[in-house]
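Residue 935 in the working numbering sits at position 332 of the sequence shown; the count goes up by one each step and never skips.
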Amino acid sequence: MNIYTYYGNIEHLKAFDNDYQLKGMYTPPIDNQRRPLKKISDRTCRFCGKKSTETTFKGKPHIISRLFGNNSGVSDYECDKCNNHFSGYESDMANFLGLNRSVNALGTQTPPTFKSYDGNIVAKKNNFNGFEGIEIESCKEGVIQKKDGGIIEFNVIHNPYIPINIFKCLLKIALTVIPDYEVANYKLCFDFLMENKNETYFAQHAKQIHKGLSGFNVKFPYVLIFKKRNLESKLPSHWIKLYYQDSYIQFYIPYHKGDKVLQKGEEISYPLCPPLIFADTQPQGIAKNYEKLDLSSNVMTKGKTSKLNLTFDENLLSEGSNNNQETHNSDNFNSDEIIKVFLTKNSGLLEE
């Protein structure tokens with residue numbers, strides 16, 4: 604099995620490969636086969652620097668938050684106090700991921716319950732005709748709508764979150780997966796993460812986060828670590844690419860000790876890595892659905908609205924009308940009447 608990108612993104616990958624090379628990959632243990640952990644007496648926290656004689660290591664903090672998908676990767680270099688410190692960031696991350704997190708959990712874990720900020724959308728695990736899945740219900744007309752081309756659109760108001768905390772949550776994952784010998788090179792990042800030092804300077808880098816659809820689903824989240832080839836260039840030393848569910852987030856780690864420091868407000872031009880795919884043959888198509896995120900604000904978002912689109916086979920509605928006279932034809936299907944949608948990974952439901 605080789606690593607490819609989509610055929611239409613090959614030139615993008617070549618541009619990225621000119622400046623960066625893949626230096627590491629973190630994948631959580633499969634089937635809960637965790638790697639052996641250090642004895643508590645031998646542990647030192649990577650984030651606060653304290654040893655077991657100075658702090659406690661009773662918990663089992665995850666290397667990649669389980670918000671990004673079920674995984675059993677546990678860290679032995681994060682103490683309980685620091686783990687508790689990061690939990691506040693994860694609450695914001697859960698609100699940032701929103702309804703997508705529940706929908707994309709289908710088939711890999713129990714879908715978490717979601718309730719929109721205005722209460723008009725509720726998603727939760729349910730059973731329909733003996734099939735396990737997720738039920739998305741609206742208590743207000745027009746929130747769930749049928750569009751042309753077999754699309755159901757959900758208008759969702761996010762629960763509030765602080766954008767800079769999303770950046771901190773991502774940065775925490777990055778500083779967890781980097782090799783031990785790189786830890787000392789990112790002292791400024793650890794100071795920002797733990798004590799919020801130099802927030803103004805880090806905020807400009809929190810505007811350089813890229814999120815997109817990978818075009819495939821992963822059972823467990825994983826991280827790719829890239830390092831620049833020319834250590835004298837002004838490019839950031841490391842890029843991190845986090846794959847989870849059907850998406851990816853990529854960002855660089857700012858302020859490596861060996862990097863040239865950017866002036867406040869100064870921007871650099873950098874290449875982006877397109878989705879990388881482990882496959883036997885060259886995948887066709889092109890990946891182009893990505894967005895640049897600005898996570899620099901420390902003010903809580905309120906009323907942020909997003910749309911989630913799901914596709915369905917419209918022929919199923921017309922087939923149903925042929926078999927059941929009470930079932931409306933898809934042409935007469937009133938979008939305002941959609942109050943509940945049931946999603947399942949089990950195709951056997953269609954055979955009922």
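Backbone N, C-alpha and C define an ideal beta-carbon position, used for all residues, glycine too.
Computed from a predicted structure; not experimentally measured.
If you draw a straight line from the C-alpha of residue i to the C-alpha of residue j, how long is it?
{"i": "I613", "j": "S741", "result": "42 angstroms"}
{"i": "N732", "j": "K948", "result": "14 angstroms"}
{"i": "L670", "j": "F829", "result": "23 angstroms"}
{"i": "N673", "j": "K728", "result": "16 angstroms"}
{"i": "F819", "j": "I843", "result": "19 angstroms"}
{"i": "I852", "j": "D751", "result": "30 angstroms"}
{"i": "K863", "j": "Y873", "result": "14 angstroms"}
{"i": "T930", "j": "N768", "result": "Because the pLDDT at T930 is just 44, under 50, the model does not fix this residue reliably, and the value given afterwards should be weighed accordingly. Cα-Cα distance, rounded: 48 angstroms."}
{"i": "S690", "j": "P664", "result": "10 angstroms"}
{"i": "Y607", "j": "Q887", "result": "10 angstroms"}
{"i": "D883", "j": "Y609", "result": "13 angstroms"}
{"i": "K661", "j": "P632", "result": "20 angstroms"}
Starting from the C-beta of residue i, find all residues in its chain whose C-beta is less than 8 angstroms away, skip the five residues before and the five after it, and write them out in chain order.
{"i": "K800", "result": "L791 and D794"}
{"i": "L911", "result": "L702, N703, V706, E756, F757 and V759"}
Here's the rule I'm using: 16 or more other beta-carbon atoms within 10 Å means buried, otherwise exposed. How should residue i be labelled?
{"i": "Q885", "result": "exposed"}
{"i": "F848", "result": "Residue identity check: residue 848 is Gln in the sequence provided, not Phe. Classification of Q848: buried, given that the 10 Å Cβ count is 16 or more."}
{"i": "P877", "result": "buried"}
{"i": "M696", "result": "buried"}
{"i": "H726", "result": "For clarity, residue 726 is Ala in the given sequence; the question names His instead. Under this definition A726 is a buried residue."}
Below 9 angstroms between beta carbons: does that hold for residue i and residue j?
{"i": "I737", "j": "L879", "result": "no"}
{"i": "P824", "j": "I667", "result": "yes"}
{"i": "S850", "j": "L816", "result": "yes"}
{"i": "Y855", "j": "S836", "result": "no"}
{"i": "I812", "j": "D897", "result": "yes"}
Closer than 6 angstroms by C-beta to residue i: which residues in its own chain qualify, once you throw out the five before and the five after it? Chain order, please.
{"i": "S899", "result": "A806, A809 and K810"}
{"i": "M628", "result": "L827"}
Considering only residues of the same chain and omitting the five flanking positions on each side of residue i, which have a CB-CB separation below 7 angstroms?
{"i": "V944", "result": "I739, I747 and I755"}
First and last residue of the alpha helix (DSSP H) that includes residue i?
{"i": "Y804", "result": "E802 to A806"}
{"i": "K910", "result": "Taken as a continuous stretch (DSSP letters only), K910 belongs to no alpha helix (DSSP H), being part of the beta strand (DSSP E) at T908 to T914."}
{"i": "N901", "result": "That residue, N901, is in no alpha helix (DSSP H); it is neither H nor E in DSSP."}
{"i": "Y692", "result": "D683 to N707"}
{"i": "K626", "result": "Not the alpha helix (DSSP H): K626 falls in the beta strand (DSSP E), residues Y623 to Y629."}
Since residue i is in the beta strand (DSSP E), which residue starts that stretch and which ends it?
{"i": "V780", "result": "No beta strand (DSSP E) holds V780; the alpha helix (DSSP H) holding it covers P766 to V780."}
{"i": "E738", "result": "F734 to S741"}
{"i": "H813", "result": "I812 to L816"}
{"i": "H665", "result": "Unbroken run through H665: none, as it is neither H nor E."}
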